[in-house]
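Residue numbers (our numbering): 66 to 816.
Quick notes on the structure that follows.
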């Protein structure tokens, strides 16, 4: 063993380290998304220029950052000139930020170190680059968490042993003489190994270089955290193709205080063309709040999976047969219960199929990795033979080709998608070109109640605060009794003589038709976040397409629109059945871009509802458009076809111009109702609909949806306990906007 600030490591039987405890990779065992993943890779040059811009290598790096979910990638042998660096930051402006220190003598053809940041993880902050030695060493400081930053030193050491030793000595003098802040992480291509075990065939490197690096590490207080986590394992990041020898030249050293936070090590081929492997790990921020698992969402890729498509069809036929066999309705057996069981089985099958797909795609790579490990660790009693080394080299080449092939196929698919959708305004274009949204993580939340403001930073506690806040909004009412409330409602409605004509009532009172459901499915928006059941509108659309096709051939099939029609009419007559979660949703707080981010009052509560619920409310909204347009005065310009809020803005400007031209004095009063959607009282809404002569069947349907409605707040991927919706209309379903328009019309009439 060579000199090291870690001290000697002794091994007993079974290659278990003795003589002191090893710091665990993650002592708490907590697995959260509050982790930052970083990596190091020698990319061996700038790559081949492409006519579309950039190079094949840097387009691959962009893909690598996404697939590996890297926040930071330290790059060596970047070969970046100022022009190349500028072009990369323009090309990847919305995805990546590249900071670089080029080789001063040959920027385009030798050396150079760089940092690649994912803008998604930067959260709007700007890292600060400090060039320690041009083209060879640079450090960067960037925000890691609230009031915390992380410093990473990226090195590309000379290959010559003498220059290698000089390089480490110069870095040591820099940190001693300059008084520079020591890095938390030291990583890169070291071109020297600490231990003969990090080469195969094993051999010691030049003592001067090894000792110089050891002295630098001792000064910085960093240790080889991969080796501490894998004391008896052999793995290599570089292979000399001419000799087959391998070495672990690419390493990550971490300061001792951060050792418990390091986990998720990976060393393997990156997929892009280079002669080095990618070494990566993640660091946990234990001062950040716990991040939950979130809610499950159906992966749309399964809609193109032949095995799962067959499962979908089988589940659909089973549902069709069960619905056909239904007899007299009971509380235990009805179409609502059957459909809930269908959705549950569908979700379970989707989860299992996705696990199988991942296992299949990774099986060959896992097998090759195991074979490499076996070749390098044949027996604890002997070292690998020449044959073992050659076998490991051949297996490494196979693994590299396998990963490069997968990477290339995914790259081609992404390129094809970009070619088709990249220049067309749509969801894909908006996502690719829009700036990244603010970080949605709640680090602190102001506690409710009077007195000095205090803050909670535990996710479960923040969930309780959000739940309590949204639930309490329903109980803020200045009226003392229902009787008094009814008196106010009577007073308001007495001054409004508007009634719904009978010819408008008939469509509202009719049972929901098959064509209405089909139209609602066809109009349902795609690419939206699903409700608690995890099933997006795409699932219903796919069943509808199959039904149309199968109806022409006479093949057995599930007519999803017919089942939903029966489901919706059952709800209209009997209300929502218990324990089917039809009207349950989850609240996603969206920051209003004003006010303290720690105050839950500064977030708009958007309720995400199940797709089947939204299909029903879309049917109801379509029916309600004509009556609402008749009842609501043209001055209300929002949410109704043919009306635009911009019309009222233009009217205001015209009135101002008119008053100024005619020298007329006056005032314009703007009223903004606080928490408008949350303040609509259900008792008032039912009274209003009855006053307007809406049919009882329609009112009963709306009441059924709201009487069974429950919501839960999602904070940091953790769902709060649910609560009943007793007041307000939901911001998230199609019919709510029209109900809100109708509900506030009496106020407009009174004014």
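All C-beta atoms in this analysis are idealised placements derived from N, C-alpha and C, irrespective of residue type, glycine included.
Computed from a predicted structure; not experimentally measured.
Out of 749, 625, 356, 194, state which residue places its alpha-carbon closest to the alpha-carbon of residue 407.
-> 625
Are residue 778 and residue 508 touching if we call contact CB-CB under 8 Å?
-> No.
How about residue 651 and residue 360: are their beta carbons less than 8 Å apart?
-> Closer than 8 Å, so yes.
7 Å CB neighbourhood of residue 791 in its chain, flanking five on each side removed | 539, 747
C-alpha gap between residue 817 and residue 203, whole angstroms | Because the chain in this structure spans residues 66 to 816, residue 817 falls outside the shown range and cannot be described.
Around the C-beta of residue 105, are 16 or more other C-beta atoms found within 10 angstroms, so that it is buried, or is it exposed?
-> buried
My understanding is that residue 767 touches residue 693, with C-beta atoms under 8 Å, so please give their C-beta distance in whole angstroms.
-> The Cβ separation is near 13 Å, so there is no contact.
Cβ neighbour criterion (16 or more within 10 Å) applied to residue 642 = buried
Does the Cβ-Cβ distance between residue 287 and residue 240 come in under 8 Å?
-> Contact: no.
Got a sec, what are the start and stop residues for the alpha helix (DSSP H) residue 532 sits in?
-> Residue 532 -> alpha helix (DSSP H) spans 524-537.
Pick helix, strand or coil for residue 308, following the three-state DSSP scheme.
-> coil
Could you check the C-alpha separation between residue 605 and residue 586 for me, to the nearest Å?
-> 7 Å
For residue 616, does the three-state DSSP call read helix, strand or coil?
-> Looking at residue 616 - three-state DSSP - the assignment turns out to be helix.
Tell me, please, whether the segment 342-361 touches the segment 395-406 by the rule of three or more beta-carbon pairs shorter than 8 Å.
-> no
Would residue 87 be called buried (16 or more neighbouring beta carbons within 10 Å of its own) or exposed?
-> Since pLDDT at residue 87 reaches only 32, below the 50 mark, its modelled position is unreliable, and no value is offered.
Beta strand (DSSP E) runs wholly inside the segment 261-320, at least 3 long, in chain order = Taking only runs of at least 3 residues, the beta strand (DSSP E) segments lying wholly in the segment 261-320 are 287-289, 315-320.
Between which two residues does the beta strand (DSSP E) carrying residue 243 extend?
-> Element bounds for residue 243: n/a, residue is neither H nor E.
Where the beta strand (DSSP E) containing residue 123 begins and where it ends | No beta strand (DSSP E) contains residue 123, which is instead part of the alpha helix (DSSP H) from 121-132.
On the three-state DSSP scale, how would you describe residue 748?
-> Correct three-state label for residue 748: helix.
Look up residue 777 in the DSSP assignment and give the residues it is bridged to.
-> 651
Neighbourhood of residue 699 by C-beta distance below 8 Å, restricted to the same chain and skipping five residues each side | Counting only Cβ-Cβ distances below 8 Å, and skipping sequence neighbours, we find 708.
Rounded to the nearest angstrom, how far is the Cβ of residue 458 from that of residue 311, given a contact under 8 Å?
-> 7 Å
Exposed unless 16 or more other CB atoms sit within 10 angstroms - verdict on residue 711 = exposed
Straight-line gap, residue 800 to residue 678 (C-alpha atoms, nearest Å) | 11 Å
From residue 726 to residue 742, what distance separates their C-alpha atoms?
-> Answer to the nearest angstrom: the Cα atoms are 38 Å apart.
Are the segment 241-261 and the segment 221-228 touching, with three or more C-beta to C-beta distances below 8 Å?
-> In short, these stretches touch, since the Cβ pair count reaches three.
Bridge partner(s) assigned by DSSP for residue 565 = Note: residue 565 sits in no beta bridge, so no partner.
So what does DSSP say about residue 253, is it helix, strand or coil?
-> strand
Report back the beta-carbon spacing between residue 684 and residue 633 to the nearest angstrom; my notes put them in contact at under 8 Å.
-> 7 Å
Assigned exposure category for residue 609 - 16 Cβ within 10 Å defines buried = buried
Between the segment 181-189 and the segment 212-222, do three or more beta carbon pairs fall short of 8 Å?
-> no
Report yes or no: do three or more beta-carbon pairs, one from the segment 464-481 and one from the segment 334-351, lie closer than 8 Å?
-> yes
Since residue 648 contacts residue 775 with CB under 8 Å, what's their CB separation in whole angstroms?
-> 7 Å
In terms of DSSP beta bridges, what is residue 183 paired with?
-> 161
Is the number of C-beta pairs between the segment 138-155 and the segment 164-175 that are closer than 8 Å three or more?
-> yes
Determine which residues share a DSSP beta bridge with residue 219 and list them.
-> 203, 252
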